[in-house]
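Numbering (my numbering), first residue to last: 64 to 302.
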């Protein structure tokens, strides 16, 4: 489960910084929002049938539109999910087909990240071909970002405990892991009893689940919506 997205862990906090912070803080917050949602929107554009260059341009136009049209300043966390707000912003730009001249957009710095840094097309090439719906590909990219952010924090927990070796040994047993080694075989390799290994895996999975819930909680404000969003994430990754 190699997930590389750097999904913003405090989405609505970042929105508030854009809306209420000073120029420097607002710019930094906007950059983090862009970093977290750039790929999901790009994947949405590609799956909708746009070329690589058009998808890049449209994705940058989404973030330019958020700033120039002040729609991001009007966003309120009590009005819904951050995920649906960003998807709605993308659809609005796509539907209006507002394209700037490519040279102007790429030179004006509207999107604060280099396209090479994001390797969006490289990631898109690895997306499942059977997911044809643009909304579904957006949701999958969003879900992978949430899981990646949670896993990064889980790894940080192991690092604080000076136990990165333990993280490396147990990582394959995270939920949605790729064909984990049978417990008996792994326990023998790690010189542990199978019962001890199972306990360590249980604790790691429990912590990972808590971190996922915390990531979700940063993108919605209502507890009921948090549960629904978590269920949606699991449904997306189960597709």
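For every residue, glycine included, the Cβ atom is placed at its ideal position computed from N, Cα and C. All values reported here derive from a predicted model rather than from experimental measurement.
Check                                                                                                                                                                    : Outcome
Going straight from the alpha carbon of residue 81 to that of residue 128, what length do you get?                                                                       : 14 angstroms
Which ranges would you report for the alpha helix (DSSP H) in the segment 188 to 231 if only whole runs of at least 4 residues count?                                    : 197 to 223
Just the C-alpha distance for residue 285 and residue 213, rounded to the nearest angstrom, thanks.                                                                      : 20 angstroms
Can you check which of these residues, 300, 77, 91, 197, is closest to residue 102 by C-alpha distance?                                                                  : 197
Indicate whether residue 200 and residue 153 have their beta-carbon atoms separated by less than 8 angstroms.                                                            : no
Of the residues 107, 123, 114, which one's Cα is nearest the Cα of residue 98?                                                                                           : 123
Hey, would you say residue 289 sits closer than 8 angstroms to residue 298, going by beta carbons?                                                                       : no
Just to confirm the assignment, what range does the alpha helix (DSSP H) spanning residue 109 have?                                                                      : 86 to 110
How many whole angstroms separate the CB atoms of residue 111 and residue 157, which I take to be in contact at a CB cut-off of 8 angstroms?                             : 7 angstroms
Can you check which of these residues, 206, 159, 293, 230, is closest to residue 216 by C-alpha distance?                                                                : 230
Do residue 146 and residue 75 count as a contact pair if the criterion is CB distance below 8 angstroms?                                                                 : no
Report all residues from its chain with a CB closer than 7 angstroms to the CB of residue 77; omit the five preceding and five following residues, and keep chain order. : 71, 92, 95, 96
Run through DSSP, which three-state label would residue 237 get?                                                                                                         : coil
With DSSP run on the structure shown, which of helix, strand or coil describes residue 261?                                                                              : helix
Is residue 295 helix, strand or coil when you go by DSSP?                                                                                                                : helix
Quick one: what's got a C-beta closer than 7 angstroms to residue 125's C-beta in the same chain, skipping five residues either side?                                    : 104, 152, 153, 156
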